[in-house]
DNA sequence: TCGATATGTAAGTTGACACTTTCGTAAGTG
DNA sequence: CACTTACGAAAGTGTCAACTTACATATCGA
């Protein structure tokens, strides 16, 4: 998970994921979409693979990559829970503040 | 946006955001939650601030930090659209594949 | 088997990054 | 006016990351 979040922090890798999201593509085809050299893309693919974000399948001399929807779903769920949990706490804190503010016996002074 | 996504890739920074999500905290108070030195946290706070993820307010000698819900919402929306757009394309691709597969005049061979 | 194609790996470079220690500075306190 | 508190900024360090060029490896076709 930690690896996944670090992996998508890199713009090239987000773009790679997008490319192989719908279609399985060979490493060379992927590399053709970028300005950097092919080995650079190869390394990005390795990072993505080690983070579990893409799968690799060999066919002859080619290596076909594809985004793994399951791992994307996991990453997404992780972030969702991060936002949601904190948002929940924020609301809760706001409500408590509200409570205290409306209680007569305790004036709320600005710090 | 790019800065924001890079900012949250760092675990300490995600934890800092969580700390000041509900309560405004001084830099020193934040630092007390971590093993690293106070200046290290100061630097993380600068990164977060430059990414727009936290606000800074001075009060006497203290500097109070708080997570900015709006920027979090933006980041969240960016990621949502990233997942959603691609998921949409994936479904669309699957449907087209389905179409092709059921048409009689065109056998689908596994490459 | 020879050559072309497709690709990962190795090694080196550069810059960013997370951290530390040291120092400067502004605001309260006696 | 010292002295303390609460910080950020500066400078130095080790590590990691993204990239390059050069090389090794595997497969396919003639």
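Chains as they are written, first to last, in the working numbering: chain A, 1 to 111; chain B, 112 to 222. Using N, Cα and C, we set each Cβ at its ideal position, and we do this for glycine too. Computed from a predicted model, the values in this text were never measured in an experiment.
Going by C-alpha distance, which of the options is nearest residue i?
{"i": "residue 45 of chain A", "options": "A/60, A/26, A/59 and A/35", "result": "A/26"}
{"i": "residue 206 of chain B", "options": "A/14, A/66 and A/23", "result": "A/23"}
{"i": "residue 181 of chain B", "options": "B/165, B/146 and B/145", "result": "B/165"}
Going along chain B in order, which residues have a C-beta closer than 7 Å to the C-beta of residue i?
{"i": "residue 22 of chain A", "result": "200, 201 and 204"}
{"i": "residue 5 of chain A", "result": "120"}
Do the CB positions of residue i and residue j come within less than 8 Å of each other?
{"i": "residue 173 of chain B", "j": "residue 167 of chain B", "result": "no"}
{"i": "residue 52 of chain A", "j": "residue 4 of chain A", "result": "yes"}
{"i": "residue 191 of chain B", "j": "residue 112 of chain B", "result": "no"}
{"i": "residue 117 of chain B", "j": "residue 9 of chain A", "result": "yes"}
In chain A, what lies closer than 7 Å to residue i by C-beta?
{"i": "residue 211 of chain B", "result": "Per Cβ cutoff of 7 Å: no residues; residue 211 of chain B is ~14 Å from chain A at best."}
In whole angstroms, what is the alpha-carbon distance linking residue i and residue j?
{"i": "residue 20 of chain A", "j": "residue 67 of chain A", "result": "6 Å"}
{"i": "residue 193 of chain B", "j": "residue 13 of chain A", "result": "13 Å"}
{"i": "residue 31 of chain A", "j": "residue 65 of chain A", "result": "12 Å"}
{"i": "residue 126 of chain B", "j": "residue 144 of chain B", "result": "9 Å"}
{"i": "residue 197 of chain B", "j": "residue 89 of chain A", "result": "31 Å"}
{"i": "residue 208 of chain B", "j": "residue 78 of chain A", "result": "31 Å"}
{"i": "residue 146 of chain B", "j": "residue 76 of chain A", "result": "29 Å"}
{"i": "residue 40 of chain A", "j": "residue 122 of chain B", "result": "26 Å"}
In chain A, which residues lie with their C-beta within 9 Å of the C-beta of residue i?
{"i": "residue 187 of chain B", "result": "79, 80 and 83"}
Using a Cβ cut-off of 9 Å, pull out every chain B residue sitting near residue i, in sequence order please.
{"i": "residue 18 of chain A", "result": "193, 196, 197 and 200"}
Please list, in chain order, the chain A residues whose beta carbon lies closer than 8 Å to that of residue i.
{"i": "residue 113 of chain B", "result": "11"}
Only counting runs of 4 or more residues, tell me where the alpha helix (DSSP H) segments fall wholly within the segment 146 to 206 of chain B, in order along the chain.
The segment 146 to 206 of chain B contains these whole alpha helix (DSSP H) runs: 149 to 161.
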